[in-house]
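If you count by the numbering used here, then the sequence shown holds residues 1 to 455, one letter each, in order.
Glycine included, every Cβ here is placed at the ideal spot set by N, Cα and C.
Notes follow the structure.
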Amino acid sequence: EDVEIPTLGELRDRLNPKLWELLTKASAQAKQRGWHLYLVGGAVRDLLLAKEASGSLLIQDIDLVVDGFHKAADVGAGVELAKALQQLYPAARLEIHGAFQTAALLWHKDPELDSLWVDIATARTEFYPYPAANPEVEASSIRQDLYRRDFTINALALRLTPPRAGKLLDFFGGLLDLQAKQIRVLHANSFIEDPTRIYRGVRFAVRFGFKIEQQTEEYIRYAINSGVYDRTTKENHKTPALQTRLKAEIKHILEATYWQAALELLGDLGALQCIHPSLKTLDEELLRQLRLLERCLRKFDPEQTLLTHWQMRLEAMIAYLAPAYRAKVAKNLQLQEDSIERLQKLAQAQIEITNALPTCQLTSQVVKLLRAYDLPMLILVALHSSRPIRKLLWHYLTVWANIEPILNGNDLKKLGYKPGPQYRQMLDELLAATLDGEIRDRTQAEKFLAQHYPQ
Ligand code: ATP
């Protein structure tokens with residue numbers, strides 16, 4: 001099949017003009033110094049996927065690679081280029097990561113570039129003792145950079161500097177895969193090396209509506225069957241970094257609108273076992289709980305002000321595990337302290353609530369029982385509860401939890417009660433009486449107080 005390669009002009013017409021201008025300036029700076037500059041990774045992919053010449057594509061993650069040196073001094077090229085660009089764009093913040101010879105320029109809510117993040121790396125090859133105008137040398141060093149990447153569609157590079165500006169470097173058939181709409185890994189042991197790539201692959205597949213290419217799928221299954229969980233959790237110096245990246249990928253997926261389709265695909269591949277081996281698939285019951293959770297989130301926290309929704313989804317998945325595993329998995333994935341604690345205490349809370357709730361005769365007793373738990377805990381408990389208990393929890397959260405005593409501390413003072421610790425008890429009793437329908441207005445409340453707390 002013939003693949004159509006867009007010209008530089010066509011690519012320009014797809015991109016936001018300010019972003020294009022930035023790339024042009026970066027390219028000019030590199031050229032002045034005798035270097036080559038490439039746009040690589042996701043930005044090239046997105047640029048090729050954006051077919052229309054809308055002139056509006058504003059990619060927020062730009063990866064640039066500088067290459068083509070002939071002086072040892074040029075190993076810091078990425079950093080130098082970033083510094084030169086920052087002179088031209090004072091609004092951008094410069095970050096330098098010395099150890100890796102990479103730099104980043106960051107814009108925050110810029111009127112034109114929005115929250116743009118430009119990473120500039122130096123191709124990690126030895127410099128050459130002869131001029132790098134030689135295209136073969138050029139190819140070998142950027143090729144190495146691309147070869148370390150995850151999927152063919154992410155391993156494309158677009159040359160920005162002349163000569164041959166606009167040339168697409170496609171060593172692994174990424175363009176064909178883009179056209180065939182498939183996710184193909186670069187090498188056989190890729191997922192063994194880095195299991196988070198399984199989650200990345202799924203994310204790209206679902207996001208773009210691509211298929212995971214068959215051989216790639218076999219590599220994924222092989223990696224999973226070779227004990228992916230043990231490898232990702234067994235203590236060694238690489239584990240924390242791996243878990244951090246796994247969490248980042250899970251977050252990425254659970255934040256996306258397509259989270260459900262992604263989890264289903266992860267389940268089909270057996271890849272949820274990276275979280276815990278007992279998560280063989282995304283079964284009906286877990287799916288039901290996750291959907292129930294969505295309803296809770298929409299109802300109780302539609303603006304995402306109380307809870308972090310992706311985190312609640314992850315907590316619900318971990319809560320689905322047997323109680324003995326929960327805290328350990330939460331710790332492995334480096335969840336926040338409060339999440340870990342909640343998952344640790346969930347089983348106990350579940351027992352307490354399941355046992356005590358049916359014995360409550362009065363609304364005030366329900367409120368007194370449930371007040372001891374926070375919203376996310378009650379949501380997790382609800383997911384694991386029978387319908388009648390869930391209904392009570394729901395009613396508590398929507399109605400009873402919001403009822404306040406008819407009088408407040410100020411009112412008590414005006415009524416002549418001496419401020420002190422007994423206020424708490426008086427207000428509690430007033431609230432209970434209100435919840436239980438004994439008092440309905442101020443007069444009744446005052447009468448209630450006169451009876452129980454005569455002065
Ligand atoms: P998105 O649009 O979701 O940000 P992206 O492709 O830009 O997608 P990033 O996570 O920003 O994704 O990664 C940038 C590039 O770095 C990728 O295109 C890929 O080439 C490479 N990359 C990222 N993570 C890995 C990994 N775990 N293994 C190999 N290459 C990776």
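Through-space distance from residue j to residue i, alpha-carbon basis
i: K25; j: E249; result: 33 Å
i: K51; j: R14; result: 7 Å
i: Q214; j: D230; result: 25 Å
i: M312; j: I59; result: 29 Å
i: I389; j: L357; result: 7 Å
i: N16; j: L23; result: 11 Å
i: D441; j: K280; result: 56 Å
i: A180; j: G270; result: 25 Å
i: A28; j: L286; result: 54 Å
i: L113; j: R291; result: 37 Å
i: L314; j: L254; result: 8 Å
i: S190; j: A319; result: 30 Å
i: K404; j: V367; result: Position check: residue 404 holds Glu in this sequence, whereas Lys was assumed. Distance between the alpha carbons of E404 and V367 is about 12 Å.
i: N402; j: A261; result: 36 Å
i: E284; j: E352; result: 26 Å
i: Y128; j: D150; result: For Y128, the predicted structure reports a pLDDT of 48, less than 50, and the residue's modelled location is therefore unreliable. A value from the coordinates is still provided. Roughly 27 Å separates the two Cα atoms.
i: L435; j: R295; result: 26 Å
i: L8; j: A165; result: 7 Å
i: K251; j: P376; result: 18 Å
i: L362; j: R342; result: 27 Å
i: G42; j: I192; result: 22 Å
i: D145; j: A123; result: 6 Å
i: A322; j: L427; result: 40 Å
i: H36; j: L335; result: 42 Å
i: P135; j: H187; result: Confidence is the limiting factor: at P135 the pLDDT is only 46, short of 50, which leaves the residue's position unreliable, though a coordinate-based value still follows. Each residue's alpha carbon lies about 25 Å from the other.
i: A443; j: H395; result: In the sequence on display, residue 443 carries Thr and not Ala. Straight-line Cα distance between these residues: approximately 28 Å.
i: L169; j: Q344; result: 51 Å
i: S385; j: A349; result: 11 Å
i: K331; j: L369; result: 29 Å
i: A456; j: R288; result: Lying before the first or after the last residue shown, residue 456 is absent from the chain, which here runs from 1 to 455.
i: K31; j: G227; result: 48 Å
i: T239; j: P111; result: 40 Å
i: W259; j: L265; result: 10 Å
i: L383; j: L393; result: 10 Å
i: A433; j: K413; result: 20 Å
In DSSP terms, what residue i is bridged to
i: T102; result: H97, A121
i: D110; result: D114
i: D457; result: Shown here, the chain extends from 1 to 455; a query on residue 457 therefore has no answer.
i: L168; result: L158
i: V66; result: L37, T122
i: F151; result: V185
Residue i burial status per 10 Å Cβ neighbour count (16 or more: buried)
i: Q182; result: buried
i: V65; result: buried
i: A133; result: In this prediction, A133 has a pLDDT of 48, which is less than 50 and means its spatial position is unreliable; what the coordinates show is noted afterwards. Answer is exposed; the Cβ neighbour count stays below 16.
i: D177; result: buried
i: E303; result: exposed
i: R387; result: exposed
i: Y147; result: exposed
i: N408; result: exposed
i: L88; result: exposed
i: E235; result: exposed
i: R45; result: buried
i: E126; result: Annotation note: pLDDT 49 at E126 (below 50); position unreliable, no value reported.
i: L49; result: exposed
i: H276; result: buried
i: Q455; result: exposed
i: T232; result: buried
i: G464; result: Given that the chain is displayed from residue 1 to residue 455, the structure contains no residue 464 and the question cannot be resolved.
i: T161; result: buried
i: A316; result: buried
i: A92; result: buried
i: S56; result: exposed
i: N355; result: exposed
i: D67; result: buried
i: T244; result: exposed
i: A77; result: buried
i: G267; result: buried
i: S364; result: buried
Heavy atom of the ligand PLP within 7 Å of residue i beta-carbon
i: D145; result: The model depicted lacks the ligand PLP and carries the ligand ATP instead.
| At which residue ranges does the stretch 10 to 61 contain complete beta strand (DSSP E) runs of 3 or more residues, listed in the order of the chain? | 36 to 40
| task | With a floor of 4 residues, list each alpha helix (DSSP H) that falls wholly inside the stretch 178 to 238, ordered by position along the chain. | result | 190 to 193, 196 to 208, 214 to 225, 228 to 233
| query | At what residue ranges does the stretch 258 to 312 contain a whole run of the beta strand (DSSP E), taking only runs of 3 or more? | reply | none
| At which residue ranges does the stretch 308 to 360 contain complete alpha helix (DSSP H) runs of 4 or more residues, listed in the order of the chain? | 309 to 319, 323 to 332, 337 to 356
| said: As an exercise, report each continuous alpha helix (DSSP H) stretch of at least 4 residues that is fully enclosed by the stretch 422 to 450, in chain order. | reply: 422 to 435
| request: Only counting runs of 4 or more residues, tell me where the alpha helix (DSSP H) segments fall wholly within the stretch 395 to 424, in order along the chain. | output: 409 to 414
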